[in-house]
Structures are given as structure tokens and as C-alpha cells.
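Notes for the one structure printed next.
Residue numbers (this note's numbering): 1444 to 2291.
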């Protein structure tokens, strides 16, 4: 392998998402006179298969062959993307030709057959969208003459596209080339770098389409736009083996925090992420949606970390919660670290600005502490001063100190920041480190740490003990409820969507969003799940917050999709370019541009929450009734409009079926509240609900898809449409509902998870399955009587809980790992709702 090629491969192999693509003939298989005998080289195919199985690596074969034929030659090798007919045949989707194109293809076939009749040894190959003339059996002079005659005959036919290859010329009735195909594959898989290997003249389109950071390799002789060249298929096999081995080694050496084993801490004003190994990798102060002081979770340790580890790490640490609390315990043999945010003394409901993080170290072996705060995500130079009782952080508007009496700190300069390090000697009493935000006072607390810890334990466990839990998966349901409580902002009642920002929906990709705010829709769903478990307090507090937000709106129909935890508008979305991202997933974003979208599904969950409270006998205040009427007026005003929908696609507005259903749900549930409040039924509301329902049933059903689809006039499946049945808009026995549930299960379910949709949403890359969609599918399967399938999927959903039991937004079924933001409210509420639904139907069957 040429040195220059090896060096470029070494560099590109470290790309966050690497796409390795190639042609088939002349790369994975040798060129032969009879294309039907072009069997793949075993060494090349083996290495290519290993590349596809490597984490964060995609593979593609892009060929001029017909798609079905190409798949047959690949056999057991299953690349992520298989593209035939120079890009005209995509994955498993064949080509549908128009009547005019079919007639043109017939004329082309007749013309090429005429040429073959004059040139013995040539042959014609019919393809789904074209005709190929093979001339490898002819002399060079005769081959050239045959191709010239075929081109002359076919170019007289309108709508024909000519592609010359090695020993072949193709005449296609659709416009397609491999250059466009590689661009499409790159966009869909979100590749940050591409390696492409090709031998044919048609591969030159790919070489010209690649960027300067990619690696293009020409096989064989001839002029080329490729940056590198190898001799033959044997060289390709060696190149692929080099890439397979180096990429696998790179993937093994990545030191990413295991999100499945991350814990969160909460004082209901801010949150902390404790990564495996007692590492505080994320903490925002003073509020959950404020700037981070520790941000290594979305960067490097130099971006802010507070860690305690044994000097000699032996074995994998164990991470768990102390009972039903957010007291996190990390243990190695000979070292135990206990972490919690202090909730005692009513702090959870006080205005943010004064928080205490406790770290209790019990060491039977030497331990090392590293304290590296980085103010404002590291954008402010952070200095540390050693005081007699600990450390003082300088550069912040609000005082920050680390009380650590008896610890000898060493200050290390790290660029514009400073870091404090110390060693803990084994034996003696436990060492207590107390990070205090909002005070410069180093004085000891009035109550000892052990008492405060017990108060914190009771704060969480006492609340959890009041819940009415289902019989199935009670511990996981309880933990999910605790996570929802942890996301509740005590001072206002708002509920955050998650505790973090920019944990990627695709490792190495750009689908990285800030979820540290309150979506009224998501918050209402979370509060509703707690109501199902017998807790109404958070629902009442949230409704008070929502009333204040709505009262500040110009009109109720202008309710924004997202607000800060205090109820204010969000700042503009911004990117933190200096942070490298989790697993090189850039950009790291703060703020969320979706706050300015139109999402007409926001009203339904709010009214449903009030209705649920009414059905359970909770006191519905006049202000709650006023809020319900305001939501109905909003629907009345805007339900006919297109919107951006629940999934917040950054494309044009559509008439999303889920949004229409939620508009119907708003009015339908408002009538429940009306009966509870006044004992009457508004005929105008009833008429409006019927009108919306009829619109959904008429326009949401797609006959070609055989299901309700994502938006009016679009054929793509969307798990959001499961709310059609779950809200009661359609009867569960309706064949259209049953067909929709079964179609979504077949098409969008991937192992233990369910994808939202499988369409181009305007962003590069892909994503995993969303836990909330999994929950919806479980409930939907229950509604159509498929209890065994629902129970199986519920068991698989439960299996995605690991370690401390904190779920992320999504699950990557291919790599079997959580992805997306941590402590995701949607994920935990979905699990609660699914288990409650299963428990309810099984109890009903038991009493029959």
C-alpha cells in the first residue's frame, strides 16, 4: 500500500462516523468476461463485513448492477446500504417506471439488440431502468465500434442517459449516477468521512463528489479524479483488511462514559450527572437550565470535571442509589464515594441560587481527587485559590467554594484555567467535600453530614413510598417516578424534558439538542403519569406554572412549545464550538430553536391533565377551568393550520396527524372537565370535536400505505399516529386502527425499541428508537388484544434499564446502547404508562 494512502487512511479512520463504500465489480470481485460469474473475493468480502460490524462505522456498495442481482452476489454480506443501477435503485426500493419510460426502455432494448446482432461476442443485459451492452469479448477496435453504434442509435431516443463503463455502455431511462448516490448515502447515515474504492469510469462521479477530507481510491490504470490508486482486487482486500483492523482498534480504545451506568443527582433546582467512576461530568448552576460548571460529559475532562478515583484502579466500579433516593454510591474494593445534592431544609422549593453538593469519601486505599470547575461552559477563565478550609473559585458572579478541611491541595495551571488536585490517604474518618454555590462561607454546617444525608434519603423515599405502584416492575416504575420528580423545578412547578444538552441521537452526528427546558406538552404528560400513580401534587404545581405562562401570552393560541424553567422565553439557539461533544458529536447546543416553531399538539396534554385530575376527584379550581377554556379557544382558532409537529422536524410545516389528534383530544377532554365543573355539555364543543375527528379519519388514512400516516398527503409511517387509538378518537376494533398498529410494529420496531419514522427529516444521519414510541406501541398492542406481544415488548423495554436506572431519550438497537439526553422525561413516563396499562388489563382479566 502506498505510504501516502496509508497515512490518509490512518487519519480518516478516527472520524466519528466513517462510511466505507465501494463498487462491486473490479473492487470486491474481479472483472470477468461473463458478469454472471463475478464472484466476490473472499478476503475482500470478509474484511468488508467486519467493517460493517464495527461501532460507529457504516458500509455501502454502490454498483451499476440491478439491485436484486447485486444482493445475490453479496450473499451473506449485508452492508448497511446497497444501491443498484448507479443509484436508481435504493436499498430495497425498486424502480417504478412511468408508461412513457417503459416504452422508451423497450425501444432502447430493441436498438441495442440490433447492435449485438452485428457484433458476435457482444451481449445485451436488461436492467430495471436500462439496458447494458457488454463488449468485453471483443477486440478493442470492435468494442469501440459497437459502443459507438449503440450510442448513435440510442441517443436518437428522447429521455435516454448514457453511462460508459469498463467494457460496457449503459443506456438508462432515469437520470442517476453514483456521485449522487454517495451524497445520498452520506446524508442518510451522517458520515463525517468517506472512503470510496472504485475501478469503473462510472465511479469517477463518486470521486468528484467527495470532499477534501475523504479518501478516494482508484483500482487499476487509467485517468482518474481519485486521490489514490491500487493495482487490483487483491490490493483492495489488503486495504479493507487494514481499515477493518485499525477501525476496530480505534473503536475499542474510545473511552466514552457508559450512559447506561450514569446516575443523576437532584435538588429540584439543578441536576448533576455522575459518570461511572465517581466523576461529576455535568453540573449547571444555579438552575438546571443555567450554564455548566462541569461539562466534560460533552467534551473532555479539561472542560470541567470533579472526580474521585482510587490511585490504582482495580476492576470496574459499582454504581447504585441508596434506596429510593438520589444519593449515589460508587464503590471499588477499598473505596466508597457517596454523592448527593442537599434537599434538606425545604431547599427544593426555595429560589435557585444556593446549592450544596456533598461528596463523602471512605477510603481503605489511596484515592485521588481532581477538582476542575470551568465557569460558563469554560468560556470564563476559572481560577482557584487555596483557603485554610478549602478552595475558592474565582471568576463567577456568584460565590463558589469547596469546603474540604484537612485536604492539602495542589493548584495546576491548565491553559487559561486552574485545576486543584489532592490525594486522600486511607484509614481514619470519612472525608467530606462540600461544594457550596451561592456563599463564600466555609463554616461547618450546624447539622452533621450524616444527619443531612438521612434527611435527603427521607425527602425522596418518603415521597416514593406514597405512590400506588403496579404489581409488574414496581421498582423500575418507582425509579421512573423519582426521575420525573427530580426533573421537577421546585420553585415554579415546571418539569424539564431532560437533565442534559447535546447527548447525541447518533454517535458522532449533529442531532444534538438542548432539553433542559420545559415543554408544556412533555411536562403535562409527565405530570399525568404521576397522577396515574396517585400523586397529584406535581400536577397542581405545574398547572399553576402553566396558568402564569398562558396569562403572559398575547393570546392562548400563541403558547410557545418551550419555556425556561422560570417561565421565560428561551434565548436564541447557539453552538459551543470549543466543546468537542460526547463521542465527537458536534455541535454542542444551548438553547433550542424549536421554541419558535408552531406545535399545535401542545394544548391536548394540558387539558388531559386537568381532566385526569377531575376524574380522580381532585379539586378543579376556577383558574383550571379558565385554562381549559383557553386551550379550546386556541384549538378553535388554529386546528386547520399545518405545524412542525411533536418531532420538531426542521422542515416545512405539514398537517401532522398527531397534531390534529391532539387538537381533537383537547376538545374531547375539555368536555370531561366541563361536566365535572358545571354538569353541562357545550354543543359547540361537541360539534368542533366531531369536525376535527372527521377530518383526521378522512385525511389521515393513506390507502396506499394501508395505515394512518405521519401527515396528510404523505405516505410515511410515524409512531405518533398511535395516539389516534390511545386517545379514543378511533374505536380499537376499527380495522384501520388494527392495520396501523400492526404496520408500525412491522416497520418501525427494532428489537426492544421503536423508531419515530424512517424518512428524510432534513438533517444528516439517523437515530435510534425512542422509548416513548416503544411505550405507545405497547399500549396500542394491548388495545387490539395482542397481550403476549405487548408483554414481550414491555419486557424488552425493561431490559434497557441498567445500572442506576436512568433512561436516555433513545436506544441504539444496532450498537445496543442508550443514546440521547439523560434522565429523559418522555422515556420514564412512557415506561410508567405502559406498565400501568398492562397491569390494568391483567387485573381486569383476573376478575372476569
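Note that the Cβ used here is the ideal one computed from N, Cα and C, for glycine as well.
Would DSSP call residue i helix, strand or coil?
i, result
"residue 1880", "strand"
"residue 1725", "strand"
"residue 1826", "strand"
"residue 1570", "strand"
"residue 2269", "helix"
"residue 1962", "coil"
"residue 1737", "strand"
"residue 1905", "helix"
"residue 1930", "coil"
"residue 1645", "helix"
"residue 2027", "helix"
"residue 2274", "helix"
"residue 2126", "helix"
"residue 1794", "coil"
"residue 2261", "strand"
"residue 2006", "strand"
"residue 1820", "helix"
"residue 1788", "helix"
"residue 1603", "coil"
"residue 2214", "helix"
"residue 2292", "In the structure as shown, the chain begins at 1444 and stops at 2291. Residue 2292 is therefore absent and cannot be evaluated."
"residue 1949", "coil"
"residue 2067", "helix"
"residue 2039", "helix"
"residue 2083", "coil"
"residue 1859", "coil"
"residue 1629", "helix"
"residue 2096", "coil"
Any C-beta of chain B sitting closer than 9 Å to the C-beta of residue i?
i, result
"residue 1635", "Here there is only one protein chain, and chain B is not present."
Would you list the one or two residues that DSSP bridges to residue i?
i, result
"residue 1802", "1782, 1876"
"residue 2033", "2017"
"residue 1577", "1566, 1611"
"residue 1773", "1762, 1780"
"residue 1707", "1716"
"residue 1503", "1464, 1524"
"residue 2144", "2151"
"residue 1661", "1641, 1672"
"residue 1867", "1810"
State the start and end residues of the unbroken beta strand (DSSP E) segment that holds residue i.
i, result
"residue 2155", "That residue, residue 2155, is in no beta strand (DSSP E); it is neither H nor E in DSSP."
"residue 2255", "2251-2255"
"residue 1834", "1833-1837"
"residue 1459", "Segment: none, residue 1459 is in no beta strand (DSSP E) and carries neither H nor E."
"residue 1671", "1671-1673"
"residue 2302", "Residue numbering for the chain in the displayed model covers 1444 to 2291; residue 2302 lies beyond these limits and cannot be assessed."
"residue 1587", "That residue, residue 1587, is in no beta strand (DSSP E); its alpha helix (DSSP H) goes 1583-1597."
"residue 1846", "1843-1846"
"residue 1753", "1748-1753"
Measure the beta-carbon distance from residue i to residue j and round it to whole angstroms, keeping in mind my assumption that it falls under 8 Å.
i, j, result
"residue 1403", "residue 1723", "Since the first residue of the chain shown is 1444 and the last is 2291, residue 1403 is not available in this structure."
"residue 1508", "residue 1527", "6 Å"
"residue 1658", "residue 1638", "5 Å"
"residue 1809", "residue 1867", "7 Å"
"residue 2071", "residue 2104", "Not quite, the Cβ-Cβ distance comes to about 18 Å (not below 8 Å), so this is no contact."
"residue 1576", "residue 1565", "6 Å"
"residue 1731", "residue 1939", "6 Å"
"residue 1620", "residue 1648", "4 Å"
"residue 1728", "residue 1741", "With 8 Å as the limit, residue 1728 and residue 1741 do not qualify as a contact, their Cβ atoms being about 16 Å apart."
"residue 2217", "residue 2273", "7 Å"
"residue 2100", "residue 2025", "At roughly 33 Å, the Cβ-Cβ gap does not stay under 8 Å, so residue 2100 and residue 2025 are not in contact."
"residue 2056", "residue 1974", "7 Å"
Please report the residue range of the alpha helix (DSSP H) in which residue i lies.
i, result
"residue 1492", "1485-1496"
"residue 2114", "2100-2121"
"residue 2051", "2046-2058"
"residue 1981", "1980-1995"
"residue 2240", "2230-2242"
| Quick check: the region 1538-1555 against the region 1662-1673, are there 3 or more CB pairs under 8 Å? | no
| query | How about the region 1825-1844 and the region 1772-1792: do they share at least three Cβ pairs that are nearer than 8 Å? | reply | no
| query | Pairing CB atoms from the region 2124-2134 with CB atoms from the region 2155-2166, are three or more of them under 8 Å? | reply | no
| query | Do three or more CB pairs link the region 1992-2012 to the region 2061-2075 at distances below 8 Å? | reply | yes
| task | Would you check if the region 2254-2263 and the region 1697-1717 touch, i.e. whether three or more CB-CB distances between them fall below 8 Å? | result | Because the criterion of three Cβ pairs below 8 Å is met, the region 1697-1717 and the region 2254-2263 touch.
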